[in-house]
Amino acid sequence: MVSDKQKVSLICTVLNEGPAIQKLLDSLVGQTRLPDEIIVVDGGSTDETVAVLRRYAEARHLPLRVIVAPGANISRGRNIAIEAAAGPVVASTDAGVRLDARWLETLVAPFERASPPRVVSGFFAPDPQSTFEAAMGATVLPLVTDIDPATFLPSSRSVAFLKSSWAAAGRYPEWLDYCEDLIFDFRLRDECGPFGFEPEAVVYFRPRSTLGAFFKQYYRYARGDGKADLYRKRHAIRYATYLAALPGLAVLGWRWSRWWWLVGGVIGFMGLFLTPYRRLIGAWSSLSAHQKALAALWVPIIRLTGDLAKMIGYPVGLKWRWERLASRPELQWRLAGRKQEIADS
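Each residue of the sequence shown is one higher than the one before, counting from 1308 in the working numbering.
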């Protein structure tokens, strides 16, 4: 349990964030519960990121320490920060986000209860700055109502855990550059059991602002899935949909009846776009009529772009995995005998 004498350590990794890091720092200053220490690991920024952090710490009197570790990826950076953390409770977030004022207070409160969990999941919500970003958030980011707390696995931009649990779970996987927090979540769940869930511990996350940046992001996510051998069934369904089902419907409509195209269109719309449009309609009250129409047009473009990026990235990750495992079998990870369950989920 957390007492007044024990510390809560906030950790974060950065790389070439520049002045953009001020949004996170401003929201840290405004927390209803300040962390006892803030440890930021810089992966070797070539811009003014480190200088901004240090100036901000001095001006606002934040208990912030910067560790410069050139070449460290996100996993390595987080591990370095947690190793240096003095607190028994570690809260993790990312650069480029804005924290709700009660984020840390809400996130660590369960550790102070009579039967505390060992991990607490926070949540994250879109923080769009344009019509495109509003459509992006609706397409790719879940609502709280979409979440099943029993199975939800948190992003490391909004999570807290015991430092002892991080060690017992084998730390963040430094061999993985993307999806590393998902693998860490699986390890934590196997080690710690069910996570606590605090949906009001919200981090506001700005979606990608261009289609190119979004494609690159989802390509890397899918490449990470391939490297970690995750979500085989999900990726197989995507390939089957685009490479078999859609061509099959086209042939049926051409040779037999155009009604097949109507059936395929209805099924495809329901499966691909119904949830994004439901989210968009629930969040577009501040948009003008023109912006609403534009956002609605962006949704299918964003969804199809993301699927294409995943279909390209996933085999690249698999190829990396096969090559690496052939030369370094120690990279194979086991999660209490549940690898197949995870791969097929």
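The beta-carbon is built from N, C-alpha and C at its ideal position, and this holds for glycine as well.
Coarse secondary structure for residue i, derived from DSSP in three states
| i | result |
| --- | --- |
| P1417 | helix |
| C1499 | helix |
| G1661 | Nothing can be reported for residue 1661, as the shown portion of the chain is limited to 1308 through 1652. |
| E1481 | coil |
| A1364 | helix |
| F1459 | coil |
| L1469 | strand |
| E1412 | helix |
| P1326 | helix |
| P1449 | coil |
Cβ distance (whole Å) where residue i is taken to contact residue j below 8 Å
| i | j | result |
| --- | --- | --- |
| Y1528 | C1486 | 6 Å |
| I1387 | A1379 | 6 Å |
| D1349 | V1321 | 5 Å |
| I1328 | A1402 | 6 Å |
Chain B within 8 Å of residue i, Cβ atoms only
| i | result |
| --- | --- |
| A1442 | Of the chains in the structure shown, none is chain B; there is only one protein chain. |
Inter-residue Cα distance where the pair is residue i and residue j
| i | j | result |
| --- | --- | --- |
| A1391 | A1398 | 13 Å |
| R1513 | A1552 | 34 Å |
| R1409 | P1423 | 19 Å |
| L1483 | R1383 | 10 Å |
| W1473 | D1455 | 23 Å |
| E1344 | L1469 | 15 Å |
| R1541 | A1547 | 10 Å |
| R1585 | P1377 | 43 Å |
| P1326 | D1434 | 18 Å |
| R1645 | R1425 | With a pLDDT of only 41 at R1645, under the threshold of 50, the placement of this residue in the model should not be trusted, and no figure is reported. |
| R1464 | V1315 | 16 Å |
| A1631 | Y1538 | Residue 1631 is actually Arg in this sequence, not Ala. Those two C-alpha atoms are separated by around 19 Å. |
| N1323 | V1373 | 14 Å |
| I1544 | M1618 | 11 Å |
| F1580 | V1375 | 43 Å |
| G1351 | I1381 | 12 Å |
For residue i: DSSP bridge partner residues
| i | result |
| --- | --- |
| Y1511 | R1405, A1432 |
| R1372 | I1346 |
| L1317 | I1345, A1398 |
| V1570 | None, per the DSSP bridge assignment. |
| V1426 | F1468 |
| F1580 | BP columns for F1580 are empty, so no partner. |
Indicate whether the contact test is met: 3 or more Cβ pairs, each with one atom in the region 1356–1368 and one in the region 1329–1346, closer than 8 Å.
-> With contact defined as three or more Cβ pairs closer than 8 Å, the region 1356–1368 and the region 1329–1346 are in contact.
Would you call the region 1430–1446 and the region 1492–1503 in contact, with 3 or more CB pairs under 8 Å?
-> Using a Cβ-Cβ distance cut-off of 8 Å, the region 1430–1446 and the region 1492–1503 are not in contact, since fewer than three pairs of beta carbons, one from each stretch, lie closer than that value.
Within the chosen definition, does the region 1600–1620 reach the region 1433–1442 through at least 3 CB pairs nearer than 8 Å?
-> Cβ pair count under 8 Å is three or more, so yes.
Counting pairs of beta carbons, one from the region 1522–1540 and one from the region 1456–1472, are three or more of them closer than 8 Å?
-> No, the region 1522–1540 does not touch the region 1456–1472.
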